[in-house]
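This report refers to the structure that appears directly beneath it.
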Amino acid sequence: MSREVRLRLLWHPQAQFVGYLLAQHSGLARKRGIALTCEPIDFSQGGMAALLEGACDLAIASPAHLVESAAPERLAFLMAVQQSSPLVYPVRRNAGIASPADLAGRTAAVWPGGEDLEFRWMLRKAGLDPARVTRLPTADTVAALIDGKADCAQMTVYHELHEMEHRGLPLSEVTLFQPADYGAALLKDGLIARRDWIGPEDALLQDLVELFLEGWQLAFHDPEQAVALCRKLRPDMSDAHHRTQLGHMRDLAASGPALEQGFAVPDPDHVRRALAAMEEVDGHAPALDPAQVAVTRYWAAAPAVLKAMTWA
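Each residue of the sequence shown is one higher than the last, beginning at 13 in the numbering used here.
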């Protein structure tokens, strides 16, 4: 009998999650006796709340989500495909905003559900009190910038930035603020589990980590199969968008700690940086040991071929 596992995504199904989606739809999960369901974002309940309350079994979320959750001590960070921040914050070139510090008294569109720690840390690093920027939570940050409801907008390089161009605002007309330029970059997507699974569910967690590594290896080695699945699940997006997003995911995977340690490593430094950001921005952070939050043993025990980056 298959073991049912529900994985809550951080957004709607798209190439950002295609390794997990392939694990479900290509039969990889079934071969391991796992009935995997990848669930889209639910704006009425954030991923960490859903995980803590048992509404899902695993969640794709950032270490920042973990440390800012209601009970971070009950959560564990198991792997991360993206190894560097994919976020950018465009402003119109004619808006008189030359640096993040110039956003004082302005409005920034951010995603709902507490996704703005990196943005607030960037403001702080640029010398601006984050409270001086009005944050407008919205699922469509692109529309907020184009329609003039926001002076700055939170976007990913693999999705919203391309949507912005598609909707008529070219890159030539914006300035992109990048958190890394201010020492404020944070990891976006990671695989998060409840800590009460660590130990009692070791065999399942080992299978799941290996399953997801296998799904992503398939995506990067067979991009046509990955794009075909994305086309089926998201027919509202063009093939070009699917391919571009997959390319960005490959580049983000082959960066940061993964370059020395291997694909999708759950490096404790990602947690350490999230805690540092929270401490600097909010004046407090939970007393967590990053080396304990990042549970590396499942990733470490996975076959070397699943952590190789021959596609990079």
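Ideal Cβ positions, reconstructed from N, Cα and C, are used throughout, including at glycine.
{"Asked": "Helix, strand or coil for G160? Go by DSSP, reduced to three states.", "Found": "coil"}
{"Asked": "Please work out which residues of its chain come closer than 7 Å, Cβ to Cβ, to T168, disregarding the five sequence neighbours upstream and downstream, and give them in chain order.", "Found": "P98 and L99"}
{"Asked": "Could you give the DSSP three-state label for Y170: helix, strand or coil?", "Found": "coil"}
{"Asked": "I'd like the span of the beta strand (DSSP E) that includes D101, first residue to last.", "Found": "The sequence given here has Tyr at residue 101, not Asp. Y101 -> beta strand (DSSP E) spans L99 to R104."}
{"Asked": "With DSSP as the reference, identify every bridge partner of F189, one or two as the case may be.", "Found": "Y101"}
{"Asked": "To which residues of the same chain is P84 closer than 8 Å at the C-beta, ignoring the five residues directly before and after it?", "Found": "L78, P298, L300 and V305"}
{"Asked": "Check for me: the alpha helix (DSSP H) holding P235 runs from which residue to which?", "Found": "P235 to L245"}
{"Asked": "Residues in the same chain with beta-carbon distance under 6 Å from S81, minus the five sequence neighbours each way, listed in chain order, please.", "Found": "M60"}
{"Asked": "Are at least three pairs of beta-carbons, each pair with one atom in the region 215-233 and one in the region 247-267, less than 8 Å apart?", "Found": "yes"}
{"Asked": "Let me check understanding here. Comparing Cα to Cα, which of P142, L198, Y170 and L181 lies closest to D294?", "Found": "P142"}
{"Asked": "Taking the straight line between their C-alpha atoms, what separation do you get for L34 and A155?", "Found": "31 Å"}
{"Asked": "Flag this pair as yes or no: are the beta carbons of S96 and L271 separated by less than 8 Å?", "Found": "no"}
{"Asked": "Label P75 either buried or exposed according to how many other C-beta atoms from any shown protein chain fall within 10 Å of its C-beta, with 16 as the threshold for buried.", "Found": "buried"}
{"Asked": "Rounded to the nearest angstrom, how far is the Cβ of K137 from that of A196, given a contact under 8 Å?", "Found": "5 Å"}
{"Asked": "For a test of the three-state rule: what should DSSP assign to T256, helix, strand or coil?", "Found": "helix"}
{"Asked": "Name the DSSP bridge partner or partners of M91?", "Found": "L203"}
{"Asked": "Residues bridged to A138 by DSSP?", "Found": "Its beta-bridge partners do not exist; DSSP assigns none."}
{"Asked": "Could you pull the start and end residues of the beta strand (DSSP E) that R285 belongs to?", "Found": "No beta strand (DSSP E) holds R285; the alpha helix (DSSP H) holding it covers P280 to D294."}
{"Asked": "May I ask which residues mark the beginning and end of the beta strand (DSSP E) holding V122?", "Found": "T119 to V122"}
{"Asked": "Quick one: is R105 buried, meaning 16 or more other Cβ sit within 10 Å of its Cβ, or exposed?", "Found": "exposed"}
{"Asked": "Closer than 6 Å by C-beta to P280: which residues in its own chain qualify, once you throw out the five before and the five after it? Chain order, please.", "Found": "P302, A303 and A306"}
{"Asked": "Could you say which of G274, R206 and S14 lies nearest to A316 if we only look at CA atoms?", "Found": "G274"}
{"Asked": "Would you list the one or two residues that DSSP bridges to P149?", "Found": "V122"}
{"Asked": "Whole angstroms is fine: what's the gap from A67's alpha carbon to T150's?", "Found": "24 Å"}
{"Asked": "Count the other CB atoms, across all protein chains shown, that sit within 10 Å of the CB of T153; report buried if there are 16 or more and exposed otherwise.", "Found": "buried"}
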